[in-house]
Amino acid sequence: EADIYQTPRYLVIGTGKKITLECSQTMGHDKMYWYQQDPGMELHLIHYSYGVNSTEKGDLSSESTVSRIRTEHFPLTLESARPSHTSQYLCASTEGVTYTGELFFGEGSRLTVL
Amino acid sequence: QKEVEQDPGPLSVPEGAIVSLNCTYSNSAFQYFMWYRQYSRKGPELLMYTYSSGNKEDGRFTAQVDKSSKYISLFIRDSQPSDSATYLCAMSGASGTYKYIFGTGTRLKVLA
Chain A
68 EADIYQTPRY LVIGTGKKIT LECSQTMGHD KMYWYQQDPG MELHLIHYSY
118 GVNSTEKGDL SSESTVSRIR TEHFPLTLES ARPSHTSQYL CASTEGVTYT
168 GELFFGEGSR LTVL
Chain B
20 QKEVEQDPGP LSVPEGAIVS LNCTYSNSAF QYFMWYRQYS RKGPELLMYT
70 YSSGNKEDGR FTAQVDKSSK YISLFIRDSQ PSDSATYLCA MSGASGTYKY
120 IFGTGTRLKV LA
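Protein sequence lines, in the order shown, are assigned to chains A and B.
The first sequence begins at 68 in this note's numbering and counts up one residue at a time.
The second sequence begins at 20 in this note's numbering and counts up one residue at a time.
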């Protein structure tokens with residue numbers, strides 16, 4: 068079983084609130100990712116990191132921000148949540164010594180913005 | 020055009036049936052091909068992993084990659100109700116990046 072954890076699993080908040088979705092992994096993986104998943108849609112990459120102090124925006128434009136101060140921790144922050152941010156957010160990591168490797172996912176954080 | 024196309028289903032089959040799930044892709048640079056299984060309210064988990072063209076078998080599951088046709092398949096033999104889940108194809112290895120591109124997922128229901 069993958070050692071990657073996301074909190075909270077479920078969150079319902081009002082418009083304008085600041086939220087942080089936590090993601091931690093205990094596998095020592097350098098590469099970490101945030102995906103957004105909506106029903107019937109493919110996973111969209113919104114942020115990724117290839118190591119400490121390295122973060123990049125993904126292919127899907129997002130108003131969220133991320134930080135990578137420690138290898139094991141990759142939090143995602145929304146400064147002012149809106150109903151359009153309602154979605155499932157999945158955190159993932161990989162060892163990826165070559166071009167790729169098994170991508171391990173957390174169980175997801177389901178966000179609802181009222 | 021999406022880089023990866025996958026029929027979203029849903030697909031309902033009786034227990035014991037052979038299931039065929041497919042994805043097509045447009046980027047010939049992809050080198051690594053994966054199938055993930057996602058149960059309801061859970062994160063995806065890796066089911067099969069294939070490098071380049073060819074077949075790979077693991078128990079009741081067989082993954083096929085045809086790079087010339089840009090087509091990948093997952094076959095499930097003797098399907099079980101516990102196989103009911105969403106199956107996502109994923110690809111990576113293009114442009115020297117560590118990015119993974121996913122299909123929309125096919126929802127499968129195996130009826131007892």
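Just so you know, even glycine gets a beta-carbon here, dropped at the ideal spot from N, CA and C.
Quiz prompt | Alpha carbon of A/T87 to alpha carbon of A/T144, nearest angstrom | solution = 4 Å
Quiz item: Using the beta-carbon count (16 or more within 10 Å), is B/T125 buried or exposed?
Solution: buried
Quiz item: DSSP puts B/T125 in a beta bridge; with which residues?
Solution: B/Y106
Quiz prompt | Segment contact, 8 Å Cβ cut-off, at least three pairs: the segment 45-62 of chain B with the segment 29-36 of chain B | solution = no
Exercise. Identify every residue that forms a DSSP beta bridge with A/H140.
Key: A/S91 and A/R137
Quiz prompt | chain B within 8 Å of A/K124, Cβ atoms only | solution = no
Practice problem: Please classify A/H96: does DSSP put it in a helix, a strand, or coil? | Solution: coil
Self-check item: Residue closest to A/H152, alpha-carbon to alpha-carbon, out of A/G81, A/R76 and A/C158
Solution: A/G81
Quiz item: DSSP three-state call for B/P100: helix, strand or coil?
Solution: helix
Quiz item: With which residues is B/P33 paired in a DSSP beta bridge?
Solution: B/L130
Self-check item: Cut-off 7 Å between Cβ atoms - residues of its own chain near B/V23, not counting five sequence neighbours on either side
Solution: C42, Y44, C108, M110, I120, F121 and G122
Exercise. For A/E146, count neighbouring Cβ atoms within 10 angstroms of its own Cβ and tell me buried if that reaches 16, exposed if not.
Key: exposed
Practice problem: Could you tell me whether the Cβ of A/F141 comes closer than 8 Å to any Cβ of chain B? | Solution: no
Practice problem: Please classify A/S151: does DSSP put it in a helix, a strand, or coil? | Solution: helix
Practice problem: Closer than 8 Å by beta-carbon distance: list the chain A residues that pair up with B/V23, in chain order. | Solution: E109
Quiz item: Once you ignore the five residues that flank A/K84 on each side, which residues in its own chain have a CB closer than 6 Å to its CB?
Solution: A148
Quiz item: Taking the continuous beta strand (DSSP E) assigned at B/D77, which residues delimit it?
Solution: G73 to D77
Quiz item: How about B/V38 and B/I95: are their beta carbons less than 8 Å apart?
Solution: yes
Quiz item: Got a sec, what are the start and stop residues for the beta strand (DSSP E) A/S116 sits in?
Solution: H111 to G118
Quiz item: Beta-carbon separation of A/C172 and B/P63 under 8 Å?
Solution: The identity of residue 172 of chain A in the sequence shown is Phe, whereas the question assumes Cys. Yes, the Cβ-Cβ distance between A/F172 and B/P63 is below 8 Å.
Practice problem: With a threshold of 16 other CB atoms inside 10 Å of the CB of B/L130, please say whether the residue is buried or exposed. | Solution: exposed
Quiz item: Can you find a CB in chain B that lies within less than 8 Å of the CB of A/K98?
Solution: yes
Practice problem: Can you give me the Cβ contacts of A/M94 inside the same chain, cut-off strictly under 6 Å, excluding the 5 residues immediately before and after it? | Solution: D70
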